[in-house]
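Visitor:
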């Protein structure tokens, strides 16, 4: 039997590329950053700072006393339940004016132990990954303010798993770990390649950048090249971790003259380009016309900031259901492959492509299995970690990392066992089956978590997860390109918001039926024109069909327009007035998290 | 200057989408095909017994119902069309040729379908996919879309002759309109032109909204009249400006700008003459449809085209037009909520100033702007700044 080739991902050669740090530039930058810190220190009201810390300490003492009294007031069975199954009032984890929760959640002995294990595992992975090239990775902090937000990744993990127990908690941890590993590895590589920082010429020689939401699968045929989503880590993903990250970039581009009604995704990216807050790296850039009009336009801002970087504009047909348009998409992919070959000197490798796509197809099968379980009366994998994983896996990983396939196998084993045992994904909180439609708020990535914990509304699936599930061709080369075009045309968001209203209106009713979900959390990104232009139709038809449509406005990456609290209020109002419901956890109805990451 | 003989008539034609000439053509058995975007080649909608009507919603008042359907932060032009459609204002159309070029316009066309704004039995709305860049394969796709989604639909539904010969015949008429409008447009290059920006805007708009064959006699006569027209001894305008940007189908905006003392000498916007009024040169030995599609792609100045060469083309065209028409400044305008032009205007208004050296006024505006005091103030300030620049230049500062 032939020995199975071990694939190392990411290619270790990428990490081995030699840095060529300009130390003088680093010293100058440090001096500048030091000056900023010094100014901040000088301007800090230390008296107020001291008072705040004293108040925090008092508040902690009050809280501990309150929690102790609460516990002591329980009867014996209640005490046992609290110890074994964990706490119930999650609202007390938040404190007004605090950037993080006051402490970690008590999930019961077993789950807290597991949670702590995952916490340490995550730390271990982060330390190991960053130690692959520590200096540039940490030096990123002194170049980009968004990098600071990554330091709250553990808190992000906690928020996303809040209230979870048992199998759902385990699966969520496994899934989010893979995303963090991807982020950590790419942060290190981006710092190495960044000409302002690690300045690795060798890595830059083999680096291909791609646009915001351009899917990563095209790099499958170039295993010797490093494909890096240029704005993903700096804008898109980090805004899920920290609600305030993108604010300075949005302000910058609006001061520059961009109207404030545009989507905050391209706005933030353009703002980052205006402020020079994206890494200078790569041989070329693959821009794209996706997913919407605003994103299409952001590429001209890239061209303005990096005029010397060759750009290929991937332009897929909008009316993607029209099979007559598919060939244009396939031809564009061909042209893009040639562009990459010409720029980098690398050659497209069909074997590598098919190998990765086979993995991606397997991952799609696992995904469909999850859907089948969640469609049943006993949904098992719910919550933000899964939602994020699906998007990331579909959009960015796309079968590239073999470790992700192993995770998928592991998760589905747990999933099936939990399903057989008829476990409750949110113990005691399985009251309403819901679907999330339209794009969710980045600054409130764990909104579905709150929905379940506060009101027992279980989000079975998000619109953004329901993408292309057809197996991609892995033998016929021409058809493989056409399939790749079909996949790209159905990228996250675009699959529904483009190509005709049927894809977002009729599709919703079909999915509601399929998932047996009579409730729809109807996100309304106030700047998303593709969705805004069907709101009346959705409202009309939803009403006719008797669905509960809970409209929740948000501004995607700008929490100042619609705060998290306002988003929650919309749901609470509906639940109280229309559904006449009582909250599952009253402590979560009213709490303040305006500055909480 | 002496008033143009047909100006009031032209203005009256712009009062309604189904104006006198549209009604006349339909009474003669012709088919009215609505469209909104330059990406639908106008000449193709004038094949056989069809004529094109570029849709406007003149005298738009409340757009509350359309706002319910499409929210209040979407393109007002798109919403005005939906509102007018719901009111029954487009009942006269025989078909609506939509393009999926910008999401809001596409949704507007979809609402024509969903809300059934037209109850003619054979009425249809078609949606075409439009490429974002010019390559052989995108041209192939564009041609295919026009053939399948437009021409074949016309043949299947109404039995329209869409042969190569019919297309060439339509182009011939189209070209005559374009030649006349272009000749009138060229007159704006004069130091003291015989045509104002407002007059040109009105004349150009009727050429988009009326059946070509019926408007042509009036255009021919107006051209002759202009050739003989004597300008005022001293131009009443204090500055010359070029307009660049998104859709303007309201000539009152041009009137407002000219009322502030700025003669509009160039109109590089959707519904303007650039692009739209360039003569289509057809070769005999090539497929006419393909040549027309290529012509549209090459001449399009839509911000939607993101390939580098088109991005540069847009800047160069603005610069060239402003120079050729002796403009002293450029007004970059954008229909509020238009994503394409929102991004384009913000960036390029800086570039035109910093790299091309043009004084630029950057504005976003509503669909109907003829009476905007705020806009008037901004244009007045811009005119004053242009005057000051001129004085400084004359003084050698």
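Residue numbers (my numbering), protein chains in the order written: chain A, 4 to 600; chain B, 615 to 1011. We treat Cβ as the ideally placed atom computed from N, Cα and C, and that holds for glycine. No experiment lies behind these values; they were computed from the predicted model shown.
List the endpoints of the continuous beta strand (DSSP E) containing residue 859(B).
Guide: In the second chain, the residue the question calls residue 859(B) occupies position 245. Start and end: 853–859.
Visitor: Does the segment 350–367 of chain A come close enough to the segment 131–150 of chain A that 3 or more CB-CB pairs lie under 8 Å?
Guide: Verdict: no, contact absent.
Visitor: Return the CA-CA distance between residue 652(B) and residue 912(B), expressed in angstroms with no decimal places.
Guide: Residue numbering aside, residue 652(B) sits at position 38 when the second chain is read from its first letter. Residue numbering aside, residue 912(B) sits at position 298 when the second chain is read from its first letter. If you take the alpha carbons of residue 652(B) and residue 912(B), they lie about 12 Å apart.
Visitor: Helix, strand or coil, according to DSSP, for residue 297(A) in the structure here?
Guide: For the purposes of this step, residue 297(A) is taken as the residue at position 294 of the first chain. Residue 297(A) falls in the helix class under three-state DSSP.
Visitor: In chain order, which beta strand (DSSP E) runs of at least 3 residues are fully inside the segment 493–570 of chain A?
Guide: List check, beta strand (DSSP E) in window: 522–528, 551–557.
Visitor: So, for residue 482(A): in the same chain, excluding its five sequence neighbours on each side, which residues have a beta-carbon less than 6 Å away from its beta-carbon?
Guide: Sequence index remark: in the first chain, residue 482(A) carries index 479 (1-based). 476, listed in sequence order.
Visitor: Please tell me whether residue 264(A) and residue 535(A) are closer than 7 Å, where the distance is taken between their beta carbons.
Guide: Within the first chain, residue 264(A) is the residue found at index 261, counting from 1. Within the first chain, residue 535(A) is the residue found at index 532, counting from 1. For residue 264(A) and residue 535(A), no; Cβs fall outside 7 Å.
Visitor: With a Cβ-Cβ cutoff of 7 Å, do residue 2(A) and residue 388(A) count as a contact?
Guide: With chain A covering 4 to 600 only, the question about residue 2(A) has no answer from this structure.
Visitor: Quick check on residue 646(B): does DSSP put it in helix, strand or coil?
Guide: As a first step, residue 646(B) is located in the second chain; it is residue number 32 there, counting from the start. In the structure shown, residue 646(B) sits in a strand (DSSP, three-state: E or B).
Visitor: Just the Cα atoms here: how many angstroms apart are residue 622(B) and residue 981(B)?
Guide: Here residue 622(B) corresponds to residue number 8 of the second chain, with the count starting at 1. Here residue 981(B) corresponds to residue number 367 of the second chain, with the count starting at 1. About 22 Å.
Visitor: Secondary structure at residue 914(B), three-state DSSP: helix, strand or coil?
Guide: Along the second chain, read from residue 1 onward, the residue named residue 914(B) stands at position 300. Residue 914(B) falls in the coil class under three-state DSSP.
Visitor: Counting only Cβ-Cβ distances shorter than 9 Å, please list the residues of the segment 731–752 of chain B near chain A, keeping chain order.
Guide: So the close ones are 741, 742, 743, 744, 745, 746, 747, 749, 750, 751, 752.
Visitor: Taking a contact to mean a Cβ-Cβ separation below 7 Å, would you say residue 915(B) touches residue 928(B) in this structure?
Guide: As a working note, residue 915(B) is residue 301 in the second chain. As a working note, residue 928(B) is residue 314 in the second chain. Yes.
Visitor: Where does residue 5(A) fall in DSSP's three states?
Guide: Working through the first chain from its first residue, we reach residue 5(A) at position 2. At residue 5(A), the pLDDT of 48 sits below 50, so the modelled position is not reliable; the number obtained from the coordinates is stated separately. The answer is coil: DSSP assigns residue 5(A) none of H, G, I, E or B.
Visitor: With distance defined between alpha-carbon atoms, name the residue in 701(B), 703(B), 675(B) nearest to residue 690(B).
Guide: Translated into the one-based positions of the second chain, residue 690(B) becomes position 76. For the residues 701(B), 703(B), 675(B), the minimum Cα distance to residue 690(B) belongs to 675(B).
Visitor: I'd like to know if residue 957(B) contacts chain A, where contact means its C-beta is closer than 7 Å to some C-beta of that chain.
Guide: Locating residue 957(B) in the second chain gives position 343, counting from the first residue. It does: the Cβ of residue 957(B) has a partner Cβ on chain A nearer than 7 Å.
Visitor: In the segment 675–696 of chain B, which residues sit with their C-beta less than 8 Å from some C-beta in chain A, listed in chain order?
Guide: Residues 682, 683, 684, 685, 687, 688, 689, 692.
Visitor: When burial is assigned at 16 or more other CB atoms within 10 Å of the CB, is residue 382(A) buried or exposed?
Guide: By 1-based counting over the first chain, the position of residue 382(A) is 379. Result: buried.
Visitor: For residue 45(A), does the count of other Cβ atoms within 10 angstroms reach 16, so buried, or fall short, so exposed?
Guide: In the first chain, residue 45(A) corresponds to position 42, counting from 1. By the neighbour-count rule (16 or more Cβ atoms within 10 Å), residue 45(A) is not buried but exposed.
Visitor: Just to make sure I have the definition right: I need the residues of chain A whose C-beta is within less than 9 Å of the C-beta of residue 716(B). Which are they?
Guide: If you number the second chain from 1, residue 716(B) lands on position 102. In chain order: 296, 532.
Visitor: Can you tell me which of the three DSSP states residue 456(A) falls into?
Guide: Mapped onto the first chain, residue 456(A) falls at position 453. DSSP places residue 456(A) in helix when its eight states are reduced to three.
Visitor: If the cut-off is 9 Å on Cβ atoms, which residues from the segment 532–559 of chain A count as contacting chain B, listed in chain order?
Guide: Cβ contacts with chain B come from 532, 533, 534, 535, 536, 537, 538, 539, 540, 542, 543.
Visitor: Return the residues of the segment 916–934 of chain B that lie within a Cβ-Cβ distance of less than 8 Å from chain A, sorted by chain order.
Guide: Within the segment 916–934 of chain B, the residues whose Cβ lies closer than 8 Å to some Cβ of chain A are 917, 918, 920, 921, 922, 925, listed in chain order.
Visitor: For residue 773(B), report the span of its alpha helix (DSSP H) as first-last.
Guide: Locating residue 773(B) in the second chain gives position 159, where the first residue counts as 1. Taken as a continuous stretch (DSSP letters only), residue 773(B) belongs to no alpha helix (DSSP H), as it is neither H nor E.
Visitor: Which whole runs of the beta strand (DSSP E) in the segment 153–240 of chain A are 3 residues long or more, in chain order?
Guide: Counting whole runs of 3 or more residues, the segment 153–240 of chain A contains the beta strand (DSSP E) stretches 210–213, 229–232.
Visitor: Please report the distance separating the alpha-carbon of residue 602(A) from that of residue 988(B).
Guide: Nothing can be reported for residue 602(A): it is not among the residues displayed for chain A, which extend from 4 to 600.
Visitor: Is there a Cβ from chain B that is less than 7 Å from the Cβ of residue 218(A)?
Guide: What you label residue 218(A) is simply residue 215 of the first chain in a count that begins at 1. Judged by the 7 Å Cβ criterion, residue 218(A) is not in contact with chain B.
Visitor: Roughly how many angstroms separate the alpha carbons of residue 854(B) and residue 993(B), rounded to a whole number?
Guide: Here residue 854(B) is taken as the residue at index 240 of the second chain, counted from 1. Here residue 993(B) is taken as the residue at index 379 of the second chain, counted from 1. About 12 Å.
Visitor: State the beta-bridge partners of residue 291(A) as determined by DSSP.
Guide: Position 288 of the first chain, counted from the start, is the residue given in the question as residue 291(A). Beta-bridge pairing links residue 291(A) to 317(A).
Visitor: Compute the Euclidean distance between the alpha carbons of residue 423(A) and residue 580(A), then round it to the nearest angstrom.
Guide: Here residue 423(A) refers to the residue found at position 420 when the first chain is read from its first residue. Here residue 580(A) refers to the residue found at position 577 when the first chain is read from its first residue. When rounded, the distance between both Cα atoms is 37 Å.
Visitor: Would you call the segment 849–869 of chain B and the segment 824–838 of chain B in contact, with 3 or more CB pairs under 8 Å?
Guide: The segment 849–869 of chain B, when compared against the segment 824–838 of chain B, does not touch it at the 8 Å Cβ threshold.
Visitor: Output needed for residue 66(A): all residues of its chain with C-beta closer than 7 Å, excluding positions within five of it in sequence on either side, in chain order.
Guide: What you label residue 66(A) is simply residue 63 of the first chain in a count that begins at 1. Answer for residue 66(A): 95, 105, listed in chain order.
Visitor: What does residue 951(B) touch in chain A if you count any residue whose Cβ is under 8 Å from its own?
Guide: Your numbering for residue 951(B) matches position 337 in the second chain. Per Cβ cutoff of 8 Å: 262, 264, 532.
Visitor: Quickly, what does DSSP pair residue 440(A) with across the bridge? List them, please.
Guide: Here residue 440(A) refers to the residue found at position 437 when the first chain is read from its first residue. In the DSSP output, where bridge partners are listed per residue, residue 440(A) has 525(A).
Visitor: Let's test the definition: count the other Cβ atoms within 10 Å of the Cβ of residue 458(A) and tell me whether it reaches 16, buried, or not, exposed.
Guide: Position 455 of the first chain, counted from the start, is the residue given in the question as residue 458(A). Burial call: buried.
Visitor: I need the DSSP call for residue 731(B), collapsed to helix, strand or coil.
Guide: To locate residue 731(B), count along the second chain from 1; it is residue 117. In the structure shown, residue 731(B) sits in coil (DSSP, three-state: anything other than H, G, I, E or B).
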